[in-house]
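3 is the number of the first residue of the sequence shown in the UniProt record's numbering; add one for each residue after it.
Cβ coordinates follow ideal geometry from the N, Cα and C atoms, glycine included.
No experiment lies behind these values; they were computed from the predicted model shown.
Report on one structure; see the data block that follows.
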Amino acid sequence: PPILVPATVSDYRREAQRRLPTFLFDYLDGAAGEEVSLQRNEADFRAIQLEQRVLRDVSAIDTGVDLFGTHLDMPVVLAPIGMGGMMARRAEVLAKRAADAAGIDMCLSTVGICSVEEVSAVSGRPIWFQLYMLRDRGVVQELLDRAWASGVRTLTFTVDLPVVGARYRDVRNGMAGGTSALGRFRAGLGSYLMHPRWLWDVGIRGAPHSFGNLAAYVPGAASPNQFKAWVDKQFDPSTDWNDIAWLRSVWKGHLLLKGILNAEDAVNAVDQGADGIIVSNHGGRQLDGVASGIAVLPEIAAAVSGRCTLLVDGGVRNGQDVVKALALGAQAVMVGRPWVYAVAARGEAGLKTWLSAMKNDMRTAFALTGIRTVADIDRSMIRQGL
Ligand code: FNR
């Protein structure tokens, strides 16, 4: 039966599935290989138990944090999602408005649909920008200049994509090639006609669906598939630690490395001048079989011992998860699929509602673990074993 008022991420996910063409929902929802790491991301959070405490005067709760020079009403940032802007009409702009309303930041992907200029034009807080290293360093330099000119001061450099993971749902849907343009069109057409509301509202009225940040550099490209082909060729697998030194020298704002799962890599990142690390397995979309971010967070926190800011992502689905992540050593979390499900299901209003629910969950978790502020969170809030 239809959901009157979506309450949890799985409700938004169900609605998003109904709303989106199959190939888009699968692209969003899926991950690499047999999706073992994807399942682990959620399961690992679910398995962590919080310690309930009582009678501690929790009448004044504040979930706010200061992160990279700005105040967030809760320690949550919207993760960069490639092609996110096709999941609802100009979805990255909608997400920016919802993030502003919730008092949190959002990070725009290099391969977002809306450009850094378009999203930054929404007044309010500056966005973060996510960078993929491209072979053409001139283009990278230009992207950084455009981001800076748009007010971006926090750059997230994603280091876990020297090659693209095998996403078998995309293979089945012909998104990964292996089929003719005509075959893709016919497959897509069936799916479009099954989802007329998306077709009209997003497919037609939401156009153009170019990669806004890259449109200027991709000669003659019209379709997302042409962009994808260009980007796949531009991803630079030769990227190494020397590039971090280069980035550090050209980017004057905060620099975060996203996609670290190893303590030695984390220490290297700090030694190379990273201000922050996002402990992440890319939502399970890169190497299937790796650990979840939350599982390796404690050892990474121990290794960097406060020398940089730590975020974690992958499987964060509610406010309790945020508390768990902070108790295990993070200063904030990123959420990926949940924000896109919410905006795909119910637009800007849907995402606003979900973010309010997150904040409310957090407040409830604070009250029932007996804490008042983020500064009160520590490891003793996690139960060890059963
Ligand atoms: C991503 N992710 C991602 N990361 C990144 O640095 N640049 C990108 O362009 C993308 N694109 C992207 C597309 C889609 C459809 C998904 C689901 C994910 C990874 C993302 O930023 C984040 O790390 C994960 O989504 C976090 O896991 P959850 O919250 O989705 O479980």
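Inset, instruction - Give me the Cα-Cα distance between Thr72 and Val154, rounded to the nearest whole angstrom. - result: Their Cα atoms are separated by approximately 12 Å.
Legend entry - Lys260 (DSSP reduced to helix, strand or coil): If DSSP states are grouped into helix, strand and coil, Lys260 belongs with the strands.
Inset, instruction - Have a look at the DSSP bridge pairing and note the partners of His73. - result: Answer is Asp68.
Legend entry - Which of helix, strand or coil DSSP assigns to Leu312: Leu312: strand per DSSP, three-state reduction.
Legend entry - Straight-line gap, Val78 to Pro221 (C-alpha atoms, nearest Å): Distance between the alpha carbons of Val78 and Pro221: 37 Å.
Inset, instruction - Give the DSSP bridge partners of Gly107, in chain order. - result: Contrary to the premise, residue 107 reads as Asp rather than Gly in this sequence. Per DSSP, Val79.
Inset, instruction - Output the distance between the C-alpha atoms of Gln41 and Gly316, rounded to the nearest integer angstrom. - result: The straight-line gap from Cα to Cα measures roughly 10 Å.
Legend entry - Runs of alpha helix (DSSP H) lying entirely within the segment 202-273, each at least 4 residues, in chain order: Residue ranges of uninterrupted alpha helix (DSSP H) with 4 or more members, entirely inside the segment 202-273 and ordered along the chain, are 226-236, 243-252, 265-273.
Inset, instruction - To the nearest angstrom, report how far apart Thr24 and Asn175 are at their CA atoms. - result: Distance between the alpha carbons of Thr24 and Asn175: 8 Å.
Inset, instruction - Using 10 angstroms around the beta-carbon of Glu17, count the other beta-carbons present and answer buried if the total reaches 16, otherwise exposed. - result: Residue burial is scored here from C-beta neighbours: Glu17 has at least 16 other C-beta atoms within 10 angstroms and is therefore classed as buried.
Legend entry - Cα-Cα separation between Lys260 and Arg287, rounded to whole angstroms: Our two residues, Lys260 and Arg287, have alpha carbons roughly 13 Å apart in a direct line.
Inset, instruction - Kindly examine ligand 1 and report whether one of its heavy atoms sits closer than 7 Å to the Cβ of Leu52. - result: Incorrect: Leu52 has no Cβ contact closer than 7 Å to ligand 1.
Legend entry - ligand 3 heavy atom lying under 7 Å from the CB of Tyr194: Looking for ligand 3 in the displayed structure turns up nothing; the ligands present are ligand 1.
Inset, instruction - Please say whether Val314 and Val335 have beta carbons closer to each other than 8 Å? - result: With respect to the 8 Å criterion, Val335 and Val314 are classified as neighbours on the basis of their beta carbons.
Inset, instruction - Starting from the C-beta of Ala344, find all residues in its chain whose C-beta is less than 6 Å away, skip the five residues before and the five after it, and write them out in chain order. - result: Residues Tyr14, Gly352, Leu353, Trp356 of the same chain have their beta carbon placed closer than 6 Å to that of Ala344, with the five preceding and five following residues left out of the count.
Legend entry - Ala100 in three-state terms, based on DSSP: Assigned with DSSP and collapsed to three states, Ala100 falls in helix.
Inset, instruction - Classify Glu350 as buried or exposed, calling it buried when 16 or more other Cβ atoms lie within 10 Å of its own Cβ. - result: Buried is the label assigned to Glu350, since at least 16 other Cβ atoms lie within 10 Å of its Cβ.
Legend entry - Helix, strand or coil at Val376 according to DSSP, with G and I counted as helix: In this structure, DSSP gives Val376 a helical state, which the three-state scheme calls helix.
Inset, instruction - Using only alpha-carbon positions, find the residue among Val318, Arg139, Ala81, Arg169 that is nearest to Trp248. - result: It is Arg139.
Legend entry - Same chain only: Cβ atoms within 7 Å of Cys116, ignoring 5 sequence neighbours per side: Only Gly87, Arg92, Glu94, Val95, Gly214 meet the Cβ criterion.
Legend entry - Range covered by the beta strand (DSSP E) that runs through Gly334: The sequence given here places Ala at residue 334; Gly does not occur at that position. Residues 334-337.
Inset, instruction - Answer yes or no: the CB of Gln132 versus the heavy atoms of ligand 1, is any distance below 7 Å? - result: Flag set: Cβ of Gln132 near ligand 1.
Legend entry - Under the three-state DSSP convention, the category residue 1 falls into: The question about residue 1 has no answer, for the chain in this structure spans 3 to 388.
Legend entry - Through-space distance from Val324 to Met364, alpha-carbon basis: Their Cα atoms are separated by approximately 7 Å.
Inset, instruction - Name the one or two DSSP bridge partners that Thr156 has. - result: Beta-bridge pairing by DSSP links Thr156 to His256.
Legend entry - Residue environment, Val306, which counts as buried when at least 16 other CB atoms sit within 10 Å: Here Val306 is buried. Its C-beta has 16 or more other C-beta atoms within 10 Å.
Legend entry - Three-way DSSP call (helix, strand, coil) for Gln132 in this model: Three-state DSSP puts Gln132 in a strand.
Legend entry - Residues that Leu52 bridges to, as DSSP identifies them: BP columns for Leu52 point to Ile384.
Inset, instruction - Just the C-alpha distance for His197 and Asn270, rounded to the nearest angstrom, thanks. - result: Distance between the alpha carbons of His197 and Asn270 is about 47 Å.
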